[in-house]
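Working notes, beginning with the structure itself.
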Amino acid sequence: MPDPAPAYPIFDADSLRAWIGGLSPVRASLGSTPGDWRIREVGDGNLNLVFIVEGPQGSVCVKQALPYVRAAGPSWPMAPRRAFFENAYYKAVAPHVGARIPRIHHYDDALYCTVMERLSPHIILRQGLIEGRRYPDAARDVGEYVAHAGFFTSDFARPFEEKLAGVALFAGNKDLIRISVDLIFTDPFRESVRNRHTSPQLDAVVRDLRRDGPLKVAAADCGRRFLTDAQALLHGDLHSGSVMVTERDTRVIDPEFACYGPIGFDLGAYVANLLLSWYSQPGHATPADDRSAQQRWILTEIETFWEAFRARFLALWAAHGRGDALPAAMFEGGEADAAALQAARVAFVESLFADMIGFGACKMIRRIVGFAHVADFERIADADIRARCEARALAFARLLLTHPRQFRAIGDVLDAVPRA
Ligand code: ADP
Ligand code: MG
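Once you know that position 216 of the sequence shown is 217 in my numbering, the rest is easy, because the numbers rise by one and skip nothing.
Here is the structure:
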């Protein structure tokens, strides 16, 4: 099928070179003349073009949204306006998350194109985990990141009028919200042409999953919460492929799925992908390294992530709780009031833990039986070994969704993973 002509030019190396040549500050930061720049497309995601442009003095990263899903081709059209929401997200959280996001040099709303800081020598966290590498600060950094981005965009920090303006703005990202609703909460739990799984090894397990009424109710309920509980501005796709790391630095990228929703959705994405990594590790074992030490480290990361989030969220609340939700002004009558307020805040954070577990489980399932899979498993060449890893991850995700009462604290998760 011929590509439908897009309504805006799609960059290749030559046209990008010319365009950037006209952006004076960017041109100056690269150095020399456009003809000397090295340009390569490095996009490995499902949706967009990503170029690295290197000059003698510096480099930038350029991301352009395509009018269709890259992983599927032009037969699956997708509004490129997601680039606008990616930028709007970066703008909204920038005052709260410091240097955890790339610096944005330029955004062109007609070309759906962003020129941003090139992160180097950072690599995608997922790749590092697959290679058996460890990043001592990543879990803490991302946990604190979610606390900052979530708290400061919530009704706990702001007058509701401000938050509603954000809700109204990001409601426009409905094409991507549609993808989340379909691909996370719906398709994996029914027959769909977009689904795939390691077959025939997982056929019976997948058939059984799609007949599990209580599981489907639990997943659908998470989907309902995703659509209705606008607690804060979410990154919307905070998996280990949206985090770039060095051993000393952690950055969050790719917030094109940004929308208002439950904070546990972002928490769940990160935890789910740590769990997927844990379950995939035996598939990457070598005679020299059975990956059991890497698995133990991943479990400590899960705990660090949650504890860092929890502590930072409560600390921010104590220092900046000036919003309209749970207003501090109602609790100024002395010690008993202060204790009641603090108990309510702790209870709210506990509810985020439960949400993290539910959303995390949905995200694990979609990566094994849905449309978009993860390299952690895809890189396991032997289909039998891959299927064994995937089946165990799937079983654990089902347990999380259908027996939430067994998982009340992070220690419950850490205990259950190696045993399940
Ligand atoms: P998509 O939305 O298509 O998934 P991403 O924003 O995740 O695109 O980018 C795809 C890839 O491009 C990333 O996995 C990473 O390797 C690379 N990349 C993205 N942003 C940067 C950046 N700022 N610096 C360096 N590399 C980047
Ligand atoms: Mg993306």
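Don't be surprised by glycine CBs; every beta carbon is placed ideally from N, CA and C.
query: What are the start and end residues of the beta strand (DSSP E) that includes S60?; result: S60 to A66
query: Quick check on K92: buried or exposed, where buried means 16 or more other Cβ atoms within 10 Å of its Cβ?; result: exposed
query: Which residues have their C-beta within less than 7 Å of a heavy atom of ligand 1, listed in chain order?; result: V43, G44, D45, G46, N47, L48, N49, V51, I53, C62, K64, R71, P103, M117, E118, R119, L120, S121, H123, I125, G242, S243, M245, I254, D255 and E257
query: Whole angstroms are fine: how far does the CA of F408 sit from the CA of A95?; result: 34 Å
query: So does D37 have its beta carbon nearer than 7 Å to some heavy atom of ligand 2?; result: no
query: State buried or exposed for D338, treating a residue as buried only when at least 16 other CB atoms are found within 10 Å of its CB.; result: exposed
query: With a threshold of 8 Å on Cβ separation, who are the neighbours of A1 within its own chain once the five nearest residues in sequence on each side are excluded?; result: With the chain covering only 2 through 421, there is no way to say anything about residue 1.
query: On the DSSP letters alone, give me the boundaries of the beta strand (DSSP E) that G359 sits inside.; result: G359 -> not in any beta strand (DSSP E); alpha helix (DSSP H) instead, spanning E336 to V370.
query: To which residues of the same chain is D383 closer than 8 Å at the C-beta, ignoring the five residues directly before and after it?; result: G284
query: Going by beta-carbon coordinates alone, are L31 and Q58 separated by less than 8 Å?; result: yes
query: Can you tell me whether M2 is buried or exposed? The criterion is at least 16 other CB atoms within 10 Å of its CB, across all chains shown.; result: Unreliable placement is indicated for M2, whose pLDDT of 45 sits below 50; the coordinate value is still reported in the next sentence. With fewer than 16 Cβ atoms within 10 Å of its Cβ, M2 is classed as exposed.
query: Assess contact between the stretch 249-260 and the stretch 230-241, defined as three or more Cβ pairs (one per stretch) separated by less than 8 Å. Is contact present?; result: yes
query: Buried or exposed for D377, going by 16 or more other Cβ atoms inside 10 Å?; result: buried
query: From which residue to which residue does the beta strand (DSSP E) around D109 run?; result: I105 to D109
query: Can you determine whether any heavy atom of ligand 2 sits closer than 7 Å to the C-beta of D238, and answer yes or no?; result: yes
query: Can you tell me whether E336 is buried or exposed, with buried defined as 16 or more other CB within 10 angstroms of its CB?; result: exposed
query: Does the Cβ of S241 have 16 or more other Cβ atoms within 10 Å, making it buried, or fewer, making it exposed?; result: buried
query: Within the same chain, show all residues whose beta-carbon is closer than 7 Å to that of A1, passing over the 5 residues directly before and after it, in chain order.; result: Summary: the structure shown does not reach residue 1, with the chain confined to residues 2 through 421, and so no result is reported for it.
query: Apart from the five residues on each side of it in sequence, which residues of its chain come closer than 6 Å, Cβ to Cβ, to E302?; result: A140 and L275
query: Taking only the alpha-carbon atoms, compute the straight-line gap between V218 and C363 and give it to the nearest angstrom.; result: 12 Å
query: Nearest CA to the CA of F354: which residue from V418, D267 and I369?; result: D267
query: Could you give the residue range of the alpha helix (DSSP H) that holds I303?; result: S293 to H321
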